[in-house]
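Numbering (the numbering used here), first residue to last: 97 to 220.
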C-alpha cells in the first residue's frame, strides 16, 4: 500500500526558504500562490512568509513537525515546493530532505518509508 511519509514530517517546510519567481503568485497567475502569503526578495523573486525567520517555518504549513502536517495551499503551492522530491519517492535519496529531517530529530527516509506496514499481519 502506498504511504506518504511527508504527511508526518514537514521538516523541509520548516528549514528552507521557499523562494520562486514572482509571476507564480495569484496576482499574476490565476490559482497561483496567494500573494498575501509571500514577501518580496528582489525584482524577480518572492518567498513564502515565515521562511525568512529563525527558525524558519512556511506560513502555509499546518500541524506539528514530525507528527501530522499538511500544506494549507497544497494545490496552489510554488514550483520550488512541487519540485522538491522527498528521499526515495522516486527511488533515490535527496540529501536536502535528509538534512531537514535530521535537523528536526527525524531519521532520514528509506525506501520502505513509502509503504504502509501498519496493515500487515503482526508476527505471532
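Just so you know, even glycine gets a beta-carbon here, dropped at the ideal spot from N, CA and C.
Taking a contact to require three or more Cβ pairs closer than 8 Å, the segment 178–195 and the segment 138–157 do not qualify as touching.
Residue nearest to residue 162 within the set 119, 101, 105 and 99 is 105 (criterion: CA-CA distance). Put simply, of 99, 139 and 107 the residue whose alpha carbon is nearest the alpha carbon of residue 193 is 107. The segment 182–189 makes no contact with the segment 137–146, as fewer than three CB pairs between them are under 8 Å. Between residue 121 and residue 131, the C-beta gap is smaller than 7 Å, which places the two residues in contact. With respect to the 7 Å criterion, residue 200 and residue 99 are not classified as neighbours on the basis of their beta carbons. Inclusion of residue 103 and residue 196 in the CB contact set at 7 Å is not warranted, their separation being larger than that value. Annotation for residue 160: no alpha helix (DSSP H) segment contains it, though the beta strand (DSSP E) segment containing it runs 157–160.
CA-to-CA, the gap between residue 117 and residue 207 works out to about 32 Å. By the CB criterion at 7 Å, residue 205 and residue 126 fall outside the cutoff. When secondary structure is reduced to three states using DSSP, residue 143 falls in the strand class. 7 Å or more divides the Cβ of residue 173 from the Cβ of residue 166. Approximately 14 Å separates the beta-carbon atoms of residue 142 and residue 169; this is outside 8 Å, ruling out the contact.
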